[in-house]
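S.K.: Chain order of the listed sequences is A and B.
According to the working numbering, the first sequence holds residues 1 to 200 in order.
According to the working numbering, the second sequence holds residues 1001 to 1200 in order.
Below is the structure I would like to discuss, written out as structure tokens.
Protein chains: 2
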Amino acid sequence: MADAGRAVGHLMRVVMATRNEHKLREVREIVPGIEIVALDEALGEPPETGDSFEANALEKARYVFARTGLPTIADDSGLEVSALGWAPGVRSKRWTPEATDRANNERLVASLRGIENRRARYRCAMALVTSRGERTAEGTCWGTIALAPRGAGGFGYDPYFLPDAYPGRTMAEVTAEEKHRVSHRGQAFRALPELLDELG
Amino acid sequence: MADAGRAVGHLMRVVMATRNEHKLREVREIVPGIEIVALDEALGEPPETGDSFEANALEKARYVFARTGLPTIADDSGLEVSALGWAPGVRSKRWTPEATDRANNERLVASLRGIENRRARYRCAMALVTSRGERTAEGTCWGTIALAPRGAGGFGYDPYFLPDAYPGRTMAEVTAEEKHRVSHRGQAFRALPELLDELG
Chain A
1 MADAGRAVGH LMRVVMATRN EHKLREVREI VPGIEIVALD EALGEPPETG DSFEANALEK
61 ARYVFARTGL PTIADDSGLE VSALGWAPGV RSKRWTPEAT DRANNERLVA SLRGIENRRA
121 RYRCAMALVT SRGERTAEGT CWGTIALAPR GAGGFGYDPY FLPDAYPGRT MAEVTAEEKH
181 RVSHRGQAFR ALPELLDELG
Chain B
1001 MADAGRAVGH LMRVVMATRN EHKLREVREI VPGIEIVALD EALGEPPETG DSFEANALEK
1061 ARYVFARTGL PTIADDSGLE VSALGWAPGV RSKRWTPEAT DRANNERLVA SLRGIENRRA
1121 RYRCAMALVT SRGERTAEGT CWGTIALAPR GAGGFGYDPY FLPDAYPGRT MAEVTAEEKH
1181 RVSHRGQAFR ALPELLDELG
């Protein structure tokens, strides 16, 4: 293993071109000094360094298109709260160190304690990147932040988001079909067929 | 959805640059007329069209390296049986339409019914492809095909493969450590640290 140690100094990780879990496990056992990355992990996490939903969506779609050559879509989306200067915005997913829905929602509740203006909007940018060009589309969904969570549907801030379209119900209390009809993501992605046609 | 239908005529599938299962599900619900492929599926199945283990291993490693730019290893391996003209060889995994261990082993048993010469060998080629070049290594493990399966370890033809190194035990009856010490894959992949060093 001394040699493996030296090799690792130059080149820490290799991708193994297989979907066979048995082979992956055996090779990891045979050369434990080298980090073997599964094929599915090889693409890595697309970057997301922009300061707008649109920039981030484009960045993610370009990253994957460059590596696969396949028509790629990406979504960047988040919650903007008026009283918080439209935070958390593009940082909605990583607003807390834990980056979990639970921790993020706890921060949202704490940030709005005693604040009367609870207006907010969900925003979504979608990007499409193909060999024939790039397109983006956006969607916005207005609502109010609830005082307490309700509902088990959706994800993210949905249990606290009361969309204007469904008075008295949070986004986690409406059906998926109802959500998509009015949601930021529904609006943005319903443009996809036309955008594909344009680039066809 | 008429528009989606038309778009699909040109461009059936798009990759979605996300690992967020919620977003993936929602977008599939929002635009059901378009096939949304998860990021993890985007690399596709590497080709395997060669007639030698080495050619196939190189082909697979090159495919993934070209798409990820990351140092990539691949394994191509199989069972060669003397009395069968060294079949199934590179077709070991897809020797039957089912391409399952069970169906393949049934075919092996049937093919050797009444045949006295049950000598066989496992072979493995590994390929390493990086921006600095390509390397391959091979390993062979000799043995005999058992009349009945034994053991729950390993995979593939292991319950029927009696390696010369462990008289009386099948490759599925030895420990993983014992298997790797003598196996085709163990021999091939123990070259990896040195090959990484050479390309370092």
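Backbone N, C-alpha and C define an ideal beta-carbon position, used for all residues, glycine too.
Can the beta-carbon of Leu-147/A be found closer than 9 Å to that of Ala-61/A?
M.R.: Here residue 147/A corresponds to residue number 147 of the first sequence, with the count starting at 1. Here residue 61/A corresponds to residue number 61 of the first sequence, with the count starting at 1. Taking 9 Å as the Cβ cut-off, Leu-147/A and Ala-61/A do not qualify as a contacting pair.
S.K.: Quick one: which chain A residues come within Cβ less than 9 Å of Leu-1070/B?
M.R.: Residue numbering aside, residue 1070/B sits at position 70 when the second sequence is read from its first letter. Here the neighbours are Arg-13, Val-14, Val-15, Val-37, Ala-42, Gly-44.
S.K.: What does Ala-172/A reach in chain B if we use C-beta pairs closer than 8 Å?
M.R.: Your numbering for residue 172/A matches position 172 in the first sequence. Correct list: empty, because the minimum Cβ distance to chain B is about 12 Å.
S.K.: Between Val-15/A and Ala-1017/B, how many whole angstroms is the CB-CB distance? I'm expecting something under 8 Å.
M.R.: If you number the first sequence from 1, residue 15/A lands on position 15. If you number the second sequence from 1, residue 1017/B lands on position 17. Not quite, the Cβ-Cβ distance comes to about 19 Å (not below 8 Å), so this is no contact.
S.K.: Give me the DSSP bridge partner(s) of Leu-1079/B.
M.R.: As a position in the second sequence, residue 1079/B is number 79, starting the count at 1. Tyr-1122/B.
S.K.: In three-state DSSP terms, what is His-10/A?
M.R.: Taking the first residue of the first sequence as position 1, residue 10/A is located at position 10. Note on His-10/A: pLDDT 47, under 50, position unreliable in the model; the coordinate value appears next. Residue state, collapsed to three classes: helix.
S.K.: Closest by CA to Pro-52/A, which one among Pro-46/A, Glu-45/A, Ser-77/A?
M.R.: Here residue 52/A corresponds to residue number 52 of the first sequence, with the count starting at 1. Here residue 52/A is Ser; the residue named in the question, Pro, does not match the sequence. Ranking Pro-46/A, Glu-45/A, Ser-77/A by Cα distance to Ser-52/A puts Ser-77/A first.
S.K.: Quick check: what's the CA-CA separation for Asp-197/A versus Ile-73/A?
M.R.: Within the first sequence, residue 197/A is the residue found at index 197, counting from 1. Within the first sequence, residue 73/A is the residue found at index 73, counting from 1. Going by the C-alpha atoms only, they are around 14 Å apart.
S.K.: Count the other CB atoms, across all protein chains shown, that sit within 10 Å of the CB of Ala-1110/B; report buried if there are 16 or more and exposed otherwise.
M.R.: Working through the second sequence from its first residue, we reach residue 1110/B at position 110. Exposed, by the Cβ-count rule.
S.K.: Output, in chain order, the set of chain A residues within a Cβ distance shorter than 7 Å of Ile-1030/B.
M.R.: Sequence index remark: in the second sequence, residue 1030/B carries index 30 (1-based). Neighbours of Ile-1030/B on chain A, chain order: His-180, Arg-185, Gly-186, Phe-189, Arg-190.
S.K.: Thinking C-alpha only, which one of Ala-103/A, Leu-108/A, Asn-56/A, Asn-117/A is nearest Leu-79/A?
M.R.: As a working note, residue 79/A is residue 79 in the first sequence. Out of Ala-103/A, Leu-108/A, Asn-56/A, Asn-117/A, Leu-108/A has the C-alpha closest to the C-alpha of Leu-79/A.
S.K.: List the residues of chain A whose Cβ lies closer than 7 Å to the Cβ of Gly-1033/B, in chain order.
M.R.: By one-based count along the second sequence, residue 1033/B stands at place 33. Residues of chain A passing the Cβ test: Pro-193.
S.K.: Going by the beta-carbon positions, is the gap between Pro-159/A and Ala-176/A smaller than 9 Å?
M.R.: Residue 159/A sits at position 159 when you count from the first residue of the first sequence. Residue 176/A sits at position 176 when you count from the first residue of the first sequence. No, Cβ-Cβ distance for Pro-159/A and Ala-176/A is not below 9 Å.
S.K.: Does chain B have any CB closer than 9 Å to the CB of Asn-104/A?
M.R.: Stepping through the first sequence from its first residue, residue 104/A is reached at position 104. Chain B contact via Cβ: absent.
S.K.: Are there 16 or more other CB atoms within 10 angstroms of the CB of Glu-106/A, so buried, or fewer, so exposed?
M.R.: In the first sequence, counting from the first residue as 1, residue 106/A sits at position 106. Exposed, because fewer than 16 other Cβ atoms sit within 10 Å of the Cβ of Glu-106/A.
S.K.: Ile-1030/B and Arg-1013/B: beta carbons closer than 9 Å?
M.R.: Stepping through the second sequence from its first residue, residue 1030/B is reached at position 30. Stepping through the second sequence from its first residue, residue 1013/B is reached at position 13. It is not a contact, given that the beta carbons lie outside the stated cut-off.
S.K.: Please decide whether Tyr-1063/B counts as near chain A, where near means a Cβ-Cβ distance under 9 Å.
M.R.: Position 63 of the second sequence, counted from the first residue, corresponds to residue 1063/B. Judged by the 9 Å Cβ criterion, Tyr-1063/B is in contact with chain A.
S.K.: With a threshold of 9 Å between beta-carbons, can Ala-1152/B be considered close to chain A, or not?
M.R.: Position 152 of the second sequence, counted from the first residue, corresponds to residue 1152/B. Not closer than 9 Å to any Cβ of chain A, the Cβ of Ala-1152/B fails to qualify, so no.
S.K.: Please say whether Ser-1183/B and Gly-1236/B have beta carbons closer to each other than 9 Å?
M.R.: There is simply no residue 1236/B to check, as chain B begins at 1001 and stops at 1200 in what is shown.
S.K.: I'd like to know whether the C-beta of Glu-1134/B is nearer than 9 Å to at least one C-beta of chain A.
M.R.: As a working mapping, residue 1134/B is identified with position 134 in the second sequence. False, the Cβ-Cβ gap to chain A never drops below 9 Å.
S.K.: Who are the near neighbours of Ile-38/A in its chain, counting only those whose CB is closer than 7 Å to its CB and skipping five residues on each side?
M.R.: Here the question's residue 38/A lines up with position 38 in the first sequence. Strictly speaking, residue 38/A in this sequence is Ala, with Ile absent from that position. Hits under 7 Å: Met-16, Leu-24.
S.K.: Using CA atoms only, rank isn't needed, just tell me which of Glu-1059/B, Ile-1036/B, Ala-1055/B, Asp-1040/B is closest to Pro-1047/B.
M.R.: Position 47 of the second sequence, counted from the first residue, corresponds to residue 1047/B. Of the candidates Glu-1059/B, Ile-1036/B, Ala-1055/B, Asp-1040/B, the one whose C-alpha sits nearest the C-alpha of Pro-1047/B is Glu-1059/B.
S.K.: With 9 Å set as the bound, which would you pick, yes or no: does the beta-carbon of Asn-1020/B sit closer than that to a beta-carbon of chain A?
M.R.: Position 20 of the second sequence holds residue 1020/B. By this cut-off, Asn-1020/B is an interface position.
S.K.: Apart from the five residues on each side of it in sequence, which residues of its chain come closer than 7 Å, Cβ to Cβ, to Ser-82/A?
M.R.: For the purposes of this step, residue 82/A is taken as residue 82 along the first sequence, with counting starting at 1. Closer than 7 Å at the Cβ level, and outside the excluded window around Ser-82/A, lie Asn-117, Arg-119, Ala-120.
S.K.: Quick check on the DSSP output: the alpha helix (DSSP H) that includes Glu-1021/B runs from which residue to which?
M.R.: Looking up residue 1021/B in the second sequence gives position 21. Here the alpha helix (DSSP H) through Glu-1021/B covers 1021 to 1030.
S.K.: Report the residue ranges of all alpha helix (DSSP H) runs contained in full by the stretch 1108 to 1156 of chain B; include only those spanning at least 4 residues, in chain order.
M.R.: If we require 4 residues or more, the stretch 1108 to 1156 of chain B turns out to have no alpha helix (DSSP H) run fully inside it.
S.K.: Verify whether the separation of the beta carbon atoms of Leu-43/A and Arg-135/A is less than 9 Å.
M.R.: Translated into positions along the first sequence, residue 43/A becomes position 43. Translated into positions along the first sequence, residue 135/A becomes position 135. Not in contact: Leu-43/A and Arg-135/A (Cβ atoms no closer than 9 Å).
S.K.: Could you pull the start and end residues of the beta strand (DSSP E) that Leu-1162/B belongs to?
M.R.: Here residue 1162/B refers to the residue found at position 162 of the second sequence. Here the beta strand (DSSP E) through Leu-1162/B covers 1161 to 1163.
S.K.: Put Val-174/A into one of helix, strand or coil per three-state DSSP.
M.R.: If you number the first sequence from 1, residue 174/A lands on position 174. In the structure shown, Val-174/A sits in coil (DSSP, three-state: anything other than H, G, I, E or B).
S.K.: At a CB-CB cut-off below 7 Å, which residues of chain A make contact with Arg-1067/B?
M.R.: Residue numbering aside, residue 1067/B sits at position 67 when the second sequence is read from its first letter. Simply Arg-67, Thr-68.
S.K.: Quick one: what does DSSP say Thr-1068/B is sitting in, helix, strand or coil?
M.R.: To locate residue 1068/B, count along the second sequence from 1; it is residue 68. Three-state result, Thr-1068/B: helix.
S.K.: Quick check: the Cα distance between Trp-95/A and His-180/A, rounded to an integer number of angstroms?
M.R.: Here the question's residue 95/A lines up with position 95 in the first sequence. Here the question's residue 180/A lines up with position 180 in the first sequence. Those two C-alpha atoms are separated by around 24 Å.
S.K.: Which residues mark the beginning and the end of the beta strand (DSSP E) in which Glu-1035/B is found?
M.R.: Translated into positions along the second sequence, residue 1035/B becomes position 35. First-last of the beta strand (DSSP E) with Glu-1035/B: 1035 to 1038.
S.K.: If we count the other Cβ atoms within 10 Å of its Cβ and call it buried at 16 or more, is Thr-1049/B buried or exposed?
M.R.: Taking the second sequence and counting its residues from 1, one reaches residue 1049/B at position 49. Exposed is the call here.
S.K.: In the structure shown, what three-state DSSP assignment does Ala-103/A receive?
M.R.: Reading the first sequence from its first residue, position 103 is the one you call residue 103/A. Ala-103/A: helix per DSSP, three-state reduction.
S.K.: Between the alpha carbons of Trp-142/A and Leu-192/A, how many angstroms are there, rounded?
M.R.: In the first sequence, the residue the question calls residue 142/A occupies position 142. In the first sequence, the residue the question calls residue 192/A occupies position 192. Cα-Cα distance, rounded: 22 Å.
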